[in-house]
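To convert, note that position 361 of the sequence shown is 365 in the working numbering; the numbers rise steadily by one, no gaps.
Think of the CB as a built atom: it goes at the ideal place given N, C-alpha and C, for glycine as much as any other residue.
These figures come from a predicted structure and were not determined experimentally.
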Amino acid sequence: MGNTNVPKYAYPAGIDLPERKWPSKIISRSPTWCSVDLRDGNQALPNPLSPEKKLEYFQLLCEIGFKEIEVAFPSASQDDFDFTRRLIEENHIPADVFIMGLVQCREQLIERTFEAFKGAPRAIVHVYIATSELHMRQVFNLDRKKTLAAAVKSIKQVRALADSMPDNDIRLQFSPEEFTDTDPGFSLEICEAVFDAWGKATAEKPLILNLPATVERRPPNQYADLIEWFCGKFTRRDKVLISLHSHNDQGMAVAATELSLLAGADRVEGTLFGHGERTGNVDLVTLANNLQSRGIDTGLDFSILERISETVQRLTGMPIYYRQPYAGEYVFTAFSGSHQDAIRKGLKQLDSAANTFGMGWKVPYLHIDPSDLGREFERLIRINSQSGKGGVAWVLEQEYGLELPKAMHPELGRAVQAYSDSVGREITSAEVFAVFEKNFVNPQGSYKLISYWPRPDEDDPTFVHGEILLEVNGERKTIRANGNGPISAFVHGLRESLGLTGFAIDDYDEQAVGKGADATAYCYVPLRLDDGRIIFGAGTDTNIDQAAVKAIISGINRMESLAKN
Ligand code: KIV
Ligand code: ZN
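Below, the structure is given as C-alpha cells:
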C-alpha cells in the first residue's frame with residue numbers, strides 16, 4: 005500500500021506571502037451569506053428530505069434571513085429538478101432571495117439547469133470544475149489546458165442561456181473545486197478566463213468566485229494566505245465577490261473562514277449546524293453568532309434558535325450535540341458551583357460592568373446573552389452534585405421568586421448536594437424546591453403548630469397575649485404566650501412552658517411572593533445556637549406573622565434533629 009520511500013503525511017506547503025496583512029485586521033462588516041443546506045442529497049443526510057420537508061427547510065432559511073440559497077442540483081435528479089420548479093411555480097421565493105443551482109461543466113446538465121430555472125425571477129447558476137492536480141489527473145483524466153477549456157466553454161454556454169432570459173436576473177458563480185489543493189497560479193488563470201467568458205460582471209452584478217476548501221487539508225492560516233494572495237492578484241477585483249466554502253475535516257472550518265474573511269473574502273457558504281459531506285460545511289450558526297457577539301450585524305436572525313434547532317433536527321433526523329456552540333443544550337448552563345456563583349453575580353452587575361468595560365454584556369463564563377438566542381434564563385444554571393450554594397439559591401429565586409437570605413445559602417446548598425448525590429444525576433428545579441420544602445419548611449420533628457392567634461392587650465396594644473396550640477410528639481398542648489409583639493410572645497411561651505432553650509432569634513427575613521390577594525408570605529428565621537452555629541427554619545402562610553412562627557417551629561425541629569445526629 006503506497007510508496008514507502010516517502011513519508012505518509014507531510015506538512016502542506018503554504019504560499020510565500022511575507023507581507024500578509026490579514027493577521028492584523030479585524031472583521032468589520034458582515035459577509036453576505038449563502039446557505040447550501042438544500043443541495044442534492046441535502047448535504048449527505050442518511051435520509052434525504054422529502055419535498056415537503058425541503059420546502060419547510062427552505063422557508064426556515066428565508067425566515068432566518070438568507071438571501072442566497074442553493075436549493076438543488078437541478079440536473080442531478082428529477083426530485084431536485086421538480087423542487088426547483090415547485091419553488092418557482094408556486095411562488096415560494098421571497099422578492100429579495102436568489103435561488104442557486106449547482107451544475108458541472110457539462111452541456112446537457114447546464115441546459116437542464118436552465119430548464120429548471122425558467123421563470124425564476126432571480127437565480128444563480130453555480131458552475132464548478134475540479135482544478136487540483138489530484139482531481140484532474142486521477143478522477144477526470146484531464147490536464148490544466150483541457151480543464152480550462154471545459155470551464156470556458158461551459159461559461160459561454162451559461163452566458164448564452166442567461167441572455168435568452170433577459171427578464172430574469174441570472175447571475176453566475178464559479179467554483180474551482182479543491183481550490184486549496186490547486187496550484188494558486190492555475191486557480192487565478194481559470195478564474196480570470198471565466199470572468200472573460202462570462203463577460204458581463206459589474207460592481208452591481210458581480211461574478212461570484214467561490215474558492216472552496218473542498219477538503220480541509222491545510223491549517224486555517226494557509227487558507228487565509230491563499231485568499232489574500234488571490235484577492236491581491238485578481239485583475240478585476242471590484243467586479244467579483246470572493247466567496248468562501250470551508251469544509252470541516254480538521255474541525256477548523258469556522259476558524260478558517262474567519263481568517264479568510266480577514267484576508268478579504270466577501271461571502272460565505274455554509275450550512276446550519278455544519279451539515280454536509282463527511283464532517284460537513286462550515287457551521288453558519290456558529291460563524292454568524294461569533295460575528296454578532298463582536299457587534300457585527302449579520303442580517304441573520306437567530307433569536308429563534310430553539311425553533312431552528314428543533315426544526316432542523318426533526319427534518320434531518322440528526323441530533324444536535326449537547327455542546328454544539330450556541331445551540332447545544334448545555335452551552336448556556338453552569339453545573340459547577342463556582343461558575344454558577346460567578347454568573348449569578350455577573351448578571352446582577354450588568355450595569356456596573358457596562359460602565360467598567362464599555363459594553364452592555366460582560367458576564368463571567370457567558371460570552372453572549374443567551375436571551376439573544378431565545379434561550380430561557382431559568383435554564384442557565386443547572387444543578388447536580390457539583391453545583392454550589394449560589395446556583396441553588398438562584399434557581400429558587402428565578403423560578404419560584406424566593407429570595408433566601410445569604411446566610412441560609414450554605415445550609416440549603418448542603419441539603420441539595422446531599423439529595424443530588426443520593427440520586428446521582430442532574431436534578432430539576434422542582435426537585436430543588438422540594439428539597440427546600442422538605443428540609444426547611446416542613447422538616448420532621450417533635451413539634452407541630454396547630455394554631456396561634458395573638459391579640460393586642462386592651463391597655464397597651466404593643467403588648468400581645470395569645471394561646472399557642474401545638475402538638476409535641478403527637479400530644480396536644482395549649483401554651484399561654486405574652487410578650488412585646490407576636491413573635492417575641494411566641495418564643496417566650498415556648499421557652500417558659502416547654503423549657504425550649506439553647507437558641508436565640510435576633511432578626512429574620514420575610515418576603516411576599518406573588519401579588520395582591522394571591523400573595524404568599526415566606527419567612528426565614530435564623531436560630532443562633534449557644535455554640536454559635538446558625539440553623540434556619542422557613543415558614544409560609546398567607547399571613548406574615550403565621551409564616552414567622554411556622555418558621556420558628558421548623559427551625560426548632562431542625563435544631564432537634566441536628567442534636568440527635
Ligand atoms: O466543497 C466543494 O468544493 C463544493 C463545490 C461544489 C463548491 O461543494
Ligand atoms: Zn462543498
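Just so you know, the alpha carbons of TYR456 and ASP464 end up roughly 20 Å apart. GLY487 and ILE347 have their C-alpha atoms spaced approximately 45 Å apart. Pairing ARG379 with GLU462 gives a Cβ-Cβ distance that is not under 8 Å. For ALA154, the enclosing alpha helix (DSSP H) covers residues 148-167.
Within 7 Å of the C-beta of LEU106 there is at least one heavy atom belonging to the ligand KIV. For PRO530, the enclosing beta strand (DSSP E) stretches over residues 524-533. Within the same chain, and ignoring the five residues on either side of CYS109 in sequence, the residues whose Cβ sits closer than 7 Å to its Cβ are VAL131, ILE133, ALA154, ALA155, SER158. Uninterrupted alpha helix (DSSP H) stretches at least 4 residues long and entirely within the segment 386-458 occur at 393-404, 413-427, 433-440, given in chain order. No residue range can be given for PHE144, since it is assigned to no alpha helix (DSSP H) and is classified by DSSP as neither H nor E. Within a 10 Å sphere around the beta-carbon of ARG222 sit 16 or more other beta-carbons, which makes this residue buried.
Restricted to the segment 297-381, the alpha helix (DSSP H) segments that are unbroken, complete and at least 4 residues in length are 309-320, 341-352, 354-361, listed in chain order. By the C-beta density criterion, GLU262 is buried, having at least 16 other C-beta atoms within 10 angstroms.
When distances are taken from the beta-carbon of THR8 to the heavy atoms of the ligand ZN, even the shortest one reaches 7 Å or more. Checking the 7 Å criterion, the Cβ of HIS249 is within range of a heavy atom belonging to the ligand KIV.
Going by DSSP, TYR15 is part of no alpha helix (DSSP H) at all; its letter is neither H nor E. Counting of Cβ neighbours within 10 angstroms places GLY341 among the buried residues, the total reaching 16 or more. Around GLY394, the same chain offers GLN344, ASP345, ARG348 as residues with beta carbons nearer than 6 Å, after the five sequence neighbours per side are excluded. Spanning the alpha carbons of PRO180 and ALA217 requires a straight line of approximately 10 Å.
Beta-bridge partners of GLU514 (DSSP): CYS527. For THR320, the distance from the CB to the nearest heavy atom of the ligand ZN is not below 7 Å. Using a Cβ distance threshold of 8 Å, VAL244 and ILE174 do not count as a contacting pair. Taking C-alpha positions only, GLY489 is separated from VAL529 by approximately 16 Å. Residue burial is scored here from C-beta neighbours: SER54 has fewer than 16 other C-beta atoms within 10 angstroms and is therefore classed as exposed. If you draw a straight line from the Cα of LEU152 to the Cα of ASN225, it is about 28 Å long. Under the three-state reduction of DSSP, ARG480 is assigned to strand.
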